[in-house]
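Everything below concerns the one structure shown next.
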Amino acid sequence: MFGSILNSLLDIIAPHVCHICGRRADSYLCKDCVQGINLINDGFCTICGIPFISKASSLHVCGRCIKKKPKFTMARSIGIYEDVLMDAVHKLKYNGKTSLAKPLGLLMAEKLSSAFSLEPKAFLIVPVPLHKKRLKERGFNQSLLLAREVAKTHHIHLDYLNFKRIRYTEPQINLKDKDRLKNVKGAFSVKDALIFKGKKILLIDDVYTTGATVTECVKVLKKAGAKTVHVFTLARVCRV
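If you want the working numbering, it's the position in the sequence shown, counting the first as 1, plus 5.
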């Protein structure tokens, strides 16, 4: 927590230096670095949003979604989890560079309307929660920081108090794919189900890897009465 506070103070003292390349800029993420993000604009699964290997591929449903349709309505991500975007996420999440949340969140806000066919204001935004122990360790929830920028830009209601992570789990990054679903099973809970009943939820997270975390979240939110759940993440891990 102290590290994130110190980084925030340093940002005030020496503002507007790109946290990725170190050059002076109009934002903590300069235009050159933004242009270095491999955006997912076409050639992806129409359900889970995973980009296809060939950019020339037309939009269609991927093999995994044909085999087992996800619990969410659809998922979309801004860019591929590599190079600039990976560096930005790491610096935000693990180095306490919380000032990156604004430019990254604004990228998500800018793409929201084109990512989903629904009007942004139709959604209730819900960030993927952190367990209170990890929140204390990190000092912030990166998904909430991103969600706040999206909500503020589009004037959408944001709820981060009624969807909780009630079980402390091992970081998913340390686990094999088959163990990820087991790791997050029973990890989430709804405080007030009436908040979500009949609502179209926009679930926001930083990175979509295998979908285990968001799948468990969607299951709990739909059980609470959510009409639909759309998943929106900053980055997407691509696996061949």
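Using N, Cα and C, we set each Cβ at its ideal position, and we do this for glycine too.
DSSP, reduced to helix, strand and coil, places V39 within a helical segment of the structure shown.
Under the DSSP assignment, V22 falls outside any beta strand (DSSP E); it carries neither an H nor an E label. Put simply, the backbone Cα of S118 is about 21 Å away from that of V66.
R29 has its alpha-carbon roughly 48 Å from the corresponding atom of K72.
Here G216 is buried, its C-beta having at least 16 other C-beta atoms within 10 Å. Assignment of beta strand (DSSP E) within the region 96-178, counting only whole runs of 3 or more residues, yields 128-132, 168-170 in chain order.
In the displayed model, V223 falls within a helix according to three-state DSSP. Taking C-alpha positions only, A229 is separated from N100 by approximately 35 Å. With respect to the 9 Å criterion, D211 and L44 are not classified as neighbours on the basis of their beta carbons. According to the DSSP assignment, V236 belongs to no alpha helix (DSSP H) but to the beta strand (DSSP E) extending over 233-241.
In this structure, L109 lies near L239, with their beta-carbon atoms less than 9 Å apart. One alpha carbon belongs to C26, the other to I200, and they sit about 42 Å apart. Residue state for C67 is assigned as coil, using DSSP reduced to three classes.
When DSSP reads this structure, D210 sits in a beta bridge with T238. In this structure, the beta-carbon distance from Y33 to L105 falls below 9 Å. Non-local beta-carbon contacts of H24 in its own chain, meaning distances under 8 Å to residues more than five positions away in sequence, involve Y33, L34, A93, K96, K102, S104, L105 in chain order. Between A127 and E154, the C-beta gap is not smaller than 9 Å, which leaves the two residues out of contact. Membership of R29 in any beta strand (DSSP E) is not indicated, and neither H nor E is assigned to it by DSSP.
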